[in-house]
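Input: a single structure, listed below in structure tokens.
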Amino acid sequence: MAASVPRLRPPRWLVWGWLAAMAVAHAWQAASVSDEFSTTADEIAHLTAGYSYWQDRDYRLQPENGLLPQRWAALPLLGRDLKQLDRAHKAWAEADVWTVGDRFFHQSGNDLAAMLRSGRAMIALLGGVLVFAVGLWAWQLVGAAGAFVASTLAAFSPTLLAHAGLVTSDTAAALGFVLAAAAWWRLLHRVTPGRIAGAGLALGYLLLAKFSAVLFAPMALLMLAVRLVRRTPLHGRRGAARLAPSPSPAPARSRSPRWPCGPATASATRRPGRTRRRTRASRCRGTTCSSHSRRRRRSSWPTAGPRARPSRSRRARCRRSCAGARPTACCRRRGSTASRSSTAAAATGRRSSPATGAPPAGGRSSPSPTC
């Protein structure tokens with residue numbers, strides 16, 4: 626039979642470094658081509674609306690495309706010396722973002738290329754975070770190999786690169802869907818305060834990114850259905866609980882010995898989930914009630930003499946007469962011809978008070994156990 630080849634696992638620092646490298650590569654590819662692309666219609670509306678949100682706290686311009694990505698893209702414009710929006714124009718009162726944006730970009734004398742470059746760089750950062758999140762979730766699901774493959778494919782995906790280089794809300798919405806799905810899937814496996822807060826924050830970000838966040842509801846229901854089909858325990862702070870009824874497990878086999886040592890066998894079930902093989906009788910010479918230890922001791926018993934192995938009938942009598950006695954009453958005694966009555970008398974004599982020192986009934990002293 627061929628020896629199994631050990632599975633090689635890359636170090637964690639290598640995986641983290643690869644994810645960071647792919648995120649940086651994606652962001653650089655998306656932002657480096659800004660000067661080669663012309664202005665798109667949506668970019669003017671997004672930057673103009675985001676700038677008005679910061680300057681006037683007014684949300685009349687294009688609130689349907691998500692407030693968060695427009696604010697995020699217009700954040701670098703706050704540090705530039707730009708001419709303000711023409712709020713006296715009738716387009717401002719009518720909330721016509723296209724006319725206001727055209728006057729702000731093309732008729733006010735502002736640097737159009739610099740405004741676009743800074744806004745596209747902010748969206749490219751969100752694209753890098755998206756690639757990192759995809760690789761991290763793949764790492765948690767299938768391991769390091771999945772993280773390498775997923776992050777590489779996401780970093781060089783033409784679709785993601787095309788949207789990460791434009792001032793739109795598509796990349797921000799894609800990031801929100803990934804974060805919300807990952808947080809919801811983790812919450813379906815273990816319920817903790819941290820995961821509940823993470824799922825709430827991810828869902829809140831998705832709702833602020835774009836109104837298409839309503840599509841996450843059927844996705845969440847589908848993930849919940851898959852989780853119910855798996856029938857694996859749902860872990861929480863108070864233990865594990867099953868999301869769906871599962872067949873009852875087969876009863877565990879009892880680990881009690883065939884020759885019990887009286888009441889001492891009750892200590893084997895003292896702690897759930899953990900079997901205590903050692904009993905009170907084992908304190909004498911380190912003996913146990915397991916069959917393995919009995920087989921090990923059996924070879925050391927002499928065949929004759931005062932320490933000879935007791936017969937099967939003697940062990941049966943000891944088991945019946947010592948049911949309520951101390952565990953040491955079931956140990957081997959010196960001699961091999963004692964009767965059942967003498968065994969019971971020996972057990973009674975050991976219960977007598979050590980102060981009186983009265984001998985047991987019958988005038989015979991209690992034989993000392995070998996253990």
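Sequential numbering of the sequence shown, starting at 626, is according to the numbering used here.
Backbone N, C-alpha and C fix where the C-beta goes; we use that ideal spot for every residue, glycine too.
Cβ neighbours of MET647 within its own chain (closer than 8 Å, five residues either side excluded): VAL756, PHE757, GLY760, SER776, THR777, ALA779 and ALA780.
Per DSSP, the unbroken alpha helix (DSSP H) holding ASP667 starts and ends at 666–681. The beta carbon of ALA827 sits closer than 6 Å to those of LEU804, ALA805 and ALA808, all from its chain and outside the five residues before and after it, given in chain order.
Between the segment 651–660 and the segment 670–682 there are fewer than three C-beta pairs closer than 8 Å, too few to call the two in contact. With contacts defined by Cβ atoms closer than 8 Å, VAL640 and TRP810 do not form a contacting pair.
For the pair of segments examined, the segment 828–843 was found to touch the segment 791–805: the number of CB pairs separated by less than 8 Å reaches three. Under the Cβ criterion (8 Å, minimum of three pairs), the segment 740–757 counts as touching the segment 782–794. Less than 8 Å separates the beta-carbon of ILE669 from that of GLY726. Taking each of ALA770, GLN687 and THR817 in turn and checking the Cα distance to PRO635, the smallest one comes out for ALA770. Collapsing the DSSP output to three states places PHE729 in a helix. In chain order, TRP717, VAL725, ARG728, PHE729 and SER733 place their CB closer than 8 Å to the CB of ASP711, counting only its own chain and leaving out the 5 sequence neighbours on each side. In the structure shown, LYS715 adopts helical secondary structure according to DSSP, grouped into three states. Within the same chain, HIS671, LEU672, ALA674, GLY675, TYR678, GLN687 and SER794 come within 8 Å of GLN695 by CB-CB distance, once the 5 residues on both sides are set aside. For the set ILE748, TYR684 and MET740, the Cα lying nearest the Cα of LYS708 is the one of MET740. Judged by DSSP in its simplified three-state form, ALA720 adopts coil rather than helix or strand. 8 Å or more divides the Cβ of GLY823 from the Cβ of VAL792. Shown here, PRO783 sits in a helix according to DSSP, grouped into three states.
Pairing ALA655 with LEU840, the inter-Cα distance amounts to about 27 Å.
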